[in-house]
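Read the structure below first, then the notes.
There are 2 protein chains.
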Amino acid sequence: MITQKAKYALRALTVLADADADEPVMISDIAAQQKIPKKFLEQILLDLKHHGVVVSRRGKQGGYLLLKPAHTITFGEILRIIDGPIAPLPCLSITAYRRCDDCDGEQNCQIRHVFAKVADATRKVLFSTTIADAIAPKHSAEVTRLLA
Amino acid sequence: MITQKAKYALRALTVLADADADEPVMISDIAAQQKIPKKFLEQILLDLKHHGVVVSRRGKQGGYLLLKPAHTITFGEILRIIDGPIAPLPCLSITAYRRCDDCDGEQNCQIRHVFAKVADATRKVLFSTTIADAIAPKHSAEVTRLLA
DNA sequence: CGAATGTCTATAGAAATAGTAGAGTTACAC
DNA sequence: GTGTAACTCTACTATTTCTATAGACATTCG
């Protein structure tokens, strides 16, 4: 299970991706639109900002914007920032590798081998799907309606 | 990340799968061999027993045995018992479905759609891999040695 | 009988999760 | 240049989950 926080983060990003590229969106607006506790969302967006995913403008007329195009922001990237390692075992993590002190020899670990496959499969999806992909269905539905 | 408990459970099962089919293995032996805290392992095995994965014999010469053949026990099945749902979102869980109260309409949920793919990929691996598969490399190595 | 083994329930410390609170900083509008 | 609306940052807290540990109990074998 991913955390609630990660879900909030992803949803907040879809809102930013949906907004005009140079129109900052206020935290309150995102919170209201996605039913996210505002104060909690503040922390999340700040975190995403520190990791170079979004930028903010302070003061009146302030708000948040995507720092890079939505089609370059992957789900995997965001999950790593918010929830930490993607891998199901510490000894399979790319970003936070840690030896399992209870297994002797990773090559021999019967469990590790199986979860390596899980990790691969998961990463394949998470890093090939972007925020733009997430909002795409909505847009194509819109296009369909307009063309009708 | 899977829990330590699940890792212990899977490792304990590989020990049972490795043992003779009618020779109960004592908790202490499993614990020692896999460096699992004994009292913790007791709980885990009991849990697996209650879920019909293993059986036990009490008293002297007691211990645990697999209830069904190792090639019929999947990783997914064990993870569900020990760690709960496989799905990354409650609204994607097969065994513990729960509506997300903050998203309106699952068909529209942009996040859900992506994680459905993750869940599929994960399940594909976890339910097609068994305890027998996990110990297989070891056995084939053994075969290789014997044939050399 | 008695010792070895599993059974069961309770407890507890540590960490993670999901927020909440509030004082501080910045920038635009006037 | 002041006020106010926004983001910033740190700290705090309640709840749950994880990782065990403890100990009394039940069962079986010799």
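If you're matching them up, the sequences are chains S and P in order. Mapping to my numbering: the first sequence position 77 is 396, numbers consecutive. Mapping to my numbering: the second sequence position 137 is 456, numbers consecutive. All residues carry an ideal CB built from backbone N, CA and C; glycine is no exception.
| Item | Value |
| --- | --- |
| Cross-strand partners of Gly382 of chain S (DSSP beta bridge) | S:Arg376 |
| Backbone CA spacing between Cys316 of chain S and Cys422 of chain P [nearest angstrom] | Within the shown structure, residues of chain S are numbered from 320 to 467, placing residue 316 of chain S beyond reach of any answer. |
| Assigned secondary structure, Thr449 of chain S (DSSP; H/G/I helix, E/B strand, else coil) | strand |
| Chain S contacts made by the segment 325 to 338 of chain P, where a contact means CB separation under 8 angstroms | Lys326, Leu329, Arg330 and Thr333 |
| Residues of its chain near Ile401 of chain S, where Cβ-Cβ distance is below 6 angstroms and the 5 sequence neighbours each way are ignored | Lys324, Ala325 and Ala328 |
| Contact between the segment 345 to 353 of chain P and the segment 378 to 395 of chain P (3+ Cβ pairs under 8 angstroms) | yes |
| Close Cβ partners of Leu360 of chain S (< 7 angstroms) along its chain, the five nearest in sequence each way excluded | Tyr327, Ala331, Ile346, Ile349 and Ala350 |
| Proximity below 9 angstroms, CB of Leu398 of chain P to CB of Ile430 of chain P | no |
| Backbone secondary structure at Thr393 of chain P - three-state DSSP | strand |
| 9 angstroms Cβ cutoff, Ala440 of chain P in contact with chain S | yes |
| Neighbour flag for Pro388 of chain S against chain P, beta carbons, 9 angstroms | no |
| Tyr416 of chain P versus Ser375 of chain S - alpha carbon distance | 37 angstroms |
| CB contact flag (Phe434 of chain P, Ala406 of chain P, <9 angstroms) | yes |
| is_contact[Phe394 of chain P, chain S] using C-beta, thresh 9 angstroms | yes |
| Span of the alpha helix (DSSP H) around Thr333 of chain S | Gln323 to Asp337 |
| Alpha carbon of Val373 of chain P to alpha carbon of Ala455 of chain P, nearest angstrom | 20 angstroms |
| Within-9 angstroms CB hit, Gln353 of chain S to chain P | yes |
| Closer than 8 angstroms at the beta carbon, the chain S residues around Ile321 of chain P | Pro407, Leu408 and Phe434 |
| Chain P within 9 angstroms of Asp348 of chain S, Cβ atoms only | no |
| Cβ of Ile413 of chain S within 9 angstroms of any chain P Cβ | no |
| 9 angstroms Cβ cutoff, Gln429 of chain S in contact with chain P | yes |
| Cβ-Cβ distance between His390 of chain P and Thr449 of chain P below 9 angstroms | yes |
| Nearest-angstrom Cα separation, counted from Arg377 of chain S out to Thr393 of chain P | 53 angstroms |
| Ala336 of chain S classed as buried or exposed, judged by whether at least 16 other C-beta atoms fall within 10 angstroms | buried |
| Nearest-angstrom Cβ-Cβ length linking Leu440 of chain P and Ala440 of chain S, presumed shorter than 8 angstroms | This sequence places Ala at residue 440 of chain P; Leu is not what is there. Sure, about 4 angstroms apart at Cβ, within 8 angstroms. |
| Short CB-CB distance (under 9 angstroms) between Ile454 of chain S and chain P | yes |
| Short CB-CB distance (under 9 angstroms) between Thr470 of chain S and chain P | No answer is possible for residue 470 of chain S: it lies beyond the span of chain S, which begins at 320 and ends at 467. |
| Val374 of chain S at chain P interface by Cβ criterion, 9 angstroms | no |
| Reference Ala438 of chain P, options P:Lys357, P:Ser412, P:Cys428 and P:Leu364, closest by Cα | P:Ser412 |
| Own chain partners of Gln353 of chain P with C-beta closer than 6 angstroms, once the 5 adjacent residues on each side are dropped | Arg330 |
| Own chain, CB closer than 7 angstroms to Gly424 of chain P, minus 5 neighbours either side, in chain order | none |
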